[in-house]
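Read the structure below first, then the notes.
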């Protein structure tokens, strides 16, 4: 009885071992690569439960999107050292997973992706000056991604994105850039102040010119008004004199002369030749005897 039980248990163990060695499970997001005594079979396994020979091994290749970080040093086109920190997102194609395993193996990131990434990153950075690197970070990332795609596409590795997360320069270069920026800001401020002063000077000159033109216009208007008023008065006086002259008659002249006479005769009267005859003032002579009789 005991011997039979031992046989049954032994058979069960053997069956269990065979079952374990003849089945395999491929997880979702992976591709199964089948090898027989180390030789890669021309077949791949999708996610799920599979039977296999006890002499075969199932190697899993991750098809999910993966992310890895990297750090490296590079030099700009003007020979400035740059410390770079970034990351890469990538995935391998299911259809080419077997060929990638044949050519590179499972450690394809360290053997293929990472070295290519460092090489291309340094090449891209060398095309820019140090001052232009920070401003062109997006262009840097896209250029590296394009270079990586060209290098890795034949291996079935899809480079989804490259991100340049940090760019550090040496302290000496950073200080030089800061000094240059300060100098540029001071220069710009001086130019702005000079421009403002020039503008104010021009505005003052323009205001003076406008005021001078306005004063000249006012003076001209006043002069024209005075001349016009004088002309009007002159015309009025001339017209009045004309009317007065037209209204004078000989009788009116004689009347005005008589009206203006004070009753006195001239003392002398011119005669013929050069003889001047005295004219007696009869009023005064009549007045003299009267005064004598009174005395």
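Residue numbers (the numbering used here): 24 to 318. Backbone N, C-alpha and C fix where the C-beta goes; we use that ideal spot for every residue, glycine too.
beta-carbon residue i near the ligand SAH non-hydrogen atom, thresh 8 Å
| i | result |
| --- | --- |
| residue 240 | Only the bare structure without any ligand can be found here, which leaves the ligand SAH out of the picture. |
Cβ-Cβ distance between residue i and residue j below 9 Å
| i | j | result |
| --- | --- | --- |
| residue 80 | residue 66 | no |
| residue 178 | residue 127 | yes |
| residue 46 | residue 74 | yes |
| residue 51 | residue 76 | no |
| residue 190 | residue 157 | yes |
| residue 125 | residue 182 | no |
| residue 192 | residue 105 | yes |
| residue 215 | residue 115 | no |
| residue 139 | residue 163 | no |
| residue 342 | residue 91 | Coverage of the chain is limited to positions 24 through 318, which leaves residue 342 absent and any answer about it impossible. |
| residue 199 | residue 149 | no |
| residue 118 | residue 188 | no |
| residue 144 | residue 72 | no |
Limits of the unbroken beta strand (DSSP E) element including residue i
| i | result |
| --- | --- |
| residue 50 | Looking at the DSSP string, residue 50 is not in any beta strand (DSSP E), and its letter there is neither H nor E. |
| residue 189 | 180 to 192 |
| residue 88 | Looking at the DSSP string, residue 88 is not in any beta strand (DSSP E), and its letter there is neither H nor E. |
Three-way DSSP call (helix, strand, coil) for residue i in this model
| i | result |
| --- | --- |
| residue 97 | strand |
| residue 170 | helix |
| residue 69 | coil |
| residue 278 | helix |
| residue 60 | coil |
| residue 196 | helix |
| residue 206 | helix |
Range covered by the alpha helix (DSSP H) that runs through residue i
| i | result |
| --- | --- |
| residue 154 | 153 to 158 |
Backbone CA spacing between residue i and residue j [nearest angstrom]
| i | j | result |
| --- | --- | --- |
| residue 107 | residue 169 | 18 Å |
| residue 134 | residue 151 | 28 Å |
| residue 195 | residue 154 | 13 Å |
| residue 310 | residue 278 | Summary for residue 310: the model assigns pLDDT 49, below 50, so the residue's position carries little reliability; its value from the coordinates is reported in the next sentence. Spanning the two alpha carbons is a distance of roughly 29 Å. |
| residue 141 | residue 123 | 20 Å |
| residue 236 | residue 249 | 20 Å |
| residue 212 | residue 224 | 18 Å |
| residue 83 | residue 113 | 17 Å |
| residue 129 | residue 209 | 58 Å |
| residue 160 | residue 202 | 23 Å |
| residue 256 | residue 217 | 57 Å |
| residue 55 | residue 197 | 51 Å |
| residue 231 | residue 238 | 10 Å |
| residue 171 | residue 205 | 39 Å |
| residue 61 | residue 95 | 36 Å |
| residue 269 | residue 260 | 14 Å |
| residue 245 | residue 254 | 14 Å |
| residue 4 | residue 207 | As shown, the chain starts at 24 and ends at 318. That puts residue 4 outside it, with no answer to give. |
| residue 226 | residue 184 | 56 Å |
| residue 167 | residue 121 | 26 Å |
| residue 276 | residue 258 | 25 Å |
| residue 136 | residue 88 | 14 Å |
| residue 234 | residue 220 | 21 Å |
Cutoff 9 Å: residue i Cβ touching any chain D Cβ
| i | result |
| --- | --- |
| residue 212 | Chain labels in this structure do not include chain D; a single protein chain is all it has. |
Worksheet item: At which residue ranges does the segment 101 to 150 contain complete alpha helix (DSSP H) runs of 4 or more residues, listed in the order of the chain?
Response: 120 to 126 and 137 to 148
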